[in-house]
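The numbering used here puts the first residue of the sequence shown at 8, with every later residue one more than the last. Structure, as structure tokens:
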Amino acid sequence: MDLEDIYENVENDDIKDITGPQTQNHSQDGGKDGKCRGRRCLVLMTVCLGLICVLLLVFITLQHITITAERDLLKSYKNTVEEFNHTIISLQDNYTDLRSEKDQLKNKFSSLSQKKLELETELRKLYELGKDRFFISSELKSWSESRQYCRDRGADLVIINTKEKQQFISSLVKERVWIGLSDIETEGIMKWVDNSPLKQG
């Protein structure tokens, strides 16, 4: 028996009209609904997967940007650290050089201080010697004429009885000059003009 025959045998036309087609439509709608739900789920799953892929792509891109930025920052820090290290090494070298220079200057200062003391002592000695007045004539004369020239002016030829006095007189004259030493009285015995003997050559 066909489904149509069953429906024809039913007496109540209203029931037939109401229930027959509804049952058939209901089963057809149920299949359509299942198909629609399946399609909707598939579309929804595809959209969700697409969104997840987009989010993953954004996340990966952000991670790449962040890693690149961190790598650049790390490079910058490394360069800065290297520059600081070079600066520190340079400053240490400069410090060592300055300490060495300071020590050299200290030694030079000590040496100059010592020379200053020596020069002050020498100056005092020369000052004492300078109390005697010396006259150096530019005229060419013999020893006797030179002595007479000095005596006419209330002086005499110079007597050199200390090393300091000899150095002082040597610093004053550049050419040969007469001094108050001779062997006029006794040949071979040198005496000063004040008759004191020559103690050192």
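No residue lacks a Cβ here, since even glycine has one placed at the ideal position from N, Cα and C.
Cβ atoms of residue j and residue i: under 8 angstroms apart, would you say?
| i | j | result |
| --- | --- | --- |
| residue 199 | residue 153 | no |
| residue 163 | residue 187 | yes |
| residue 197 | residue 203 | no |
| residue 156 | residue 145 | no |
Is it buried or exposed, residue i, if we count other Cβ atoms within 10 angstroms and call 16 or more buried?
| i | result |
| --- | --- |
| residue 30 | Interpretation of residue 30 is limited by its pLDDT of 47, a score under 50 that renders its predicted location unreliable; the figure taken from the coordinates is listed afterwards. Exposed: under 16 other Cβ atoms inside 10 Å. |
| residue 80 | exposed |
| residue 45 | exposed |
| residue 165 | buried |
| residue 141 | exposed |
| residue 206 | exposed |
| residue 67 | exposed |
| residue 91 | exposed |
| residue 33 | Any reading at residue 33 must be qualified, since the residue scores a pLDDT of 49, below 50, and its modelled position is unreliable; no value is offered. |
| residue 116 | exposed |
| residue 167 | buried |
| residue 19 | Bear in mind that the predicted position of residue 19 carries a pLDDT of just 43, short of 50, making it unreliable; the figure below should be weighed with that in mind. Burial call: exposed. |
Have a look at the DSSP bridge pairing and note the partners of residue i.
| i | result |
| --- | --- |
| residue 198 | 189, 204 |
Write down the C-beta distance between residue i and residue j rounded to the nearest angstrom, noting that I regard them as a contact closer than 8 angstroms.
| i | j | result |
| --- | --- | --- |
| residue 132 | residue 171 | 5 angstroms |
With respect to the alpha helix (DSSP H) encompassing residue i, which residues constitute its N-terminal and C-terminal limits?
| i | result |
| --- | --- |
| residue 145 | From DSSP, residue 145 is part of no alpha helix (DSSP H); its letter is neither H nor E. |
| residue 179 | 170-179 |
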